[in-house]
Amino acid sequence: MRRSHPSFLLASNTGPTRRLISSRLARWRPCPQRTAPGCRSSTTAPDLSGRVTTPFLDPDSIPKLPFRFETGFALFAKRTPRPFPPPFLSPPSGSFSDPLSTHHQSRHKRAFVDGELIRGWTNGDDAVYASDNFICANDGVGAWSARPRGHAGLWSRLILHFWVEAIQQDIALSRPPDQPYRPDPKRYLQQAYERTIEATSGPSDCLGTTTATGAQLYYKADTTGSTPCTSPLIYVTNLGDSQVMVIRPKGQEMVYKSTEQWHWFDCPRQLGTNSPDTPIENAVVDTVELRVGDIVLAMSDGVIDNLWRHEIVENVSKSVGRWEAGEGGQASGPRKDGANGGMTFVAEELVNTAKQIAQDPFAESPFMEHAIEEGLASEGGKLDDISVVAALCQRNTT
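For reference, each letter of the sequence shown is one residue, going 24 to 421 in the numbering used here.
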């Protein structure tokens, strides 16, 4: 049974106004903790980027899809992330009987839940994931870092982990020929939410909330013509103020942008401790048709609070052109449309541009504009965790 306690407000000082969370000490209990593989952090707010080659599933367990994502990501953390608590992360023993070398204990530095490595990467309080069929960016509410048991970064990472697991399990189910697989995005996120509540409940009692946004690549078949054909589409699921955007670089065109969800200014819808929001009631699912060569972005609000949409479109389109012209590092194959390494370059350039605005106290920014519209004094960018996953839609030839 949950105990109720007097309400209080959590506030973060990430901008001219404070991000508030209506909260109680009544909890949706905590869970064992682990750290994010592949992510480094420091007090100087580090950058991280990479080309993601994580297989979404064992190729033998699912039918081949006609389209795939080539992905890359880039991250900037405004501060060192709070370490995950046990049991998610098992710290090395300090016993004098231990061997001097701790090389064999490297496994203990990784984050686990239910005996599995936690999927994705942590970036401050954000968490991101990328594969050939699914990308997402979750933004943990940093105000929880002021609470003794607050672990927003764990919440954002676990939601991501269980979200991917729900998709994978559904895809891998055996089905009769007349009942083909169809994505069920809202159910996947609801399952992830429920599993995260369960995982964070217990002696550890980890508190936190997070936004969630993701895009699952699928396809539609057209059998009306003489020759059947398929075309790519994505199922976009969003709750809160992170964002999925689809850009067509050749025409510098924004094809789609998810809509932010707010309770009030700088307080988005969020999943977690004492939040009234749930995926089944509040998540929005959009189906977006793509073309081969389109770029799908999953971004935390560290991007959209500092860059207007036309700046994002222009930045991504120019980065693709520069990559095709030979800039941005070594490619592993043809550079057309930003392929073979270009998505990492695209993500890095977008993060760097957003970071410049975020760190400029005199810059104009969307966050500043929105704050002024609310009657609040504001100037400059908004320093925040900045996370970008970039995914190029390609025909699957493997």
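Positions of the beta carbon are idealized from the N, C-alpha and C atoms, including for glycine.
Everything numeric in this text was worked out from a predicted model, so none of it was measured.
- Under DSSP, N261 takes part in a beta bridge, and its partners are T236 and V307.
- Here C159 is bridged, per DSSP, to Y152 and G237.
- By the C-beta density criterion, D201 is exposed, having fewer than 16 other C-beta atoms within 10 angstroms.
- Under the 8 Å Cβ criterion, the region 154–163 counts as touching the region 403–417, having at least three qualifying pairs.
- Assigned with DSSP and collapsed to three states, K209 falls in helix.
- R180 is a Cβ neighbour of A150, given a cutoff of 7 Å.
- Here W287 is exposed, its C-beta having fewer than 16 other C-beta atoms within 10 Å.
- Closest by C-alpha distance to E283, out of N305, M277 and E276, is N305.
- By the C-beta density criterion, D289 is buried, having at least 16 other C-beta atoms within 10 angstroms.
- Shown here, S340 sits in a helix according to DSSP, grouped into three states.
- Cβ neighbours of G95 within its own chain (closer than 6 Å, five residues either side excluded): R74, M366, T367, A370 and A413.
- Under the Cβ criterion (8 Å, minimum of three pairs), the region 305–318 does not count as touching the region 185–196.
- Here E312 really is in contact with S254; their C-beta atoms are around 7 Å apart, less than 8 Å.
- Under the DSSP assignment, S410 falls in the beta strand (DSSP E) whose first and last residues are I409 to R418.
- DSSP places T103 outside any alpha helix (DSSP H), giving it a letter other than H or E.
- Secondary structure of I380 (DSSP, three-state): helix.
- For L373, the CB contacts under 6 Å within the same chain, skipping 5 residues up- and downstream, are N338 and V411 in chain order.
- Using a Cβ-Cβ distance cut-off of 8 Å, the region 385–399 and the region 340–354 are not in contact, since fewer than three pairs of beta carbons, one from each stretch, lie closer than that value.
- As the crow flies, the alpha-carbon of Y216 is around 44 Å from that of S249.
- Every alpha helix (DSSP H) stretch that sits fully inside the region 171–216 and reaches 4 residues is listed by chain position as 175–195.
- The three-state reading of DSSP puts A386 in coil, since its state is none of H, G, I, E or B.
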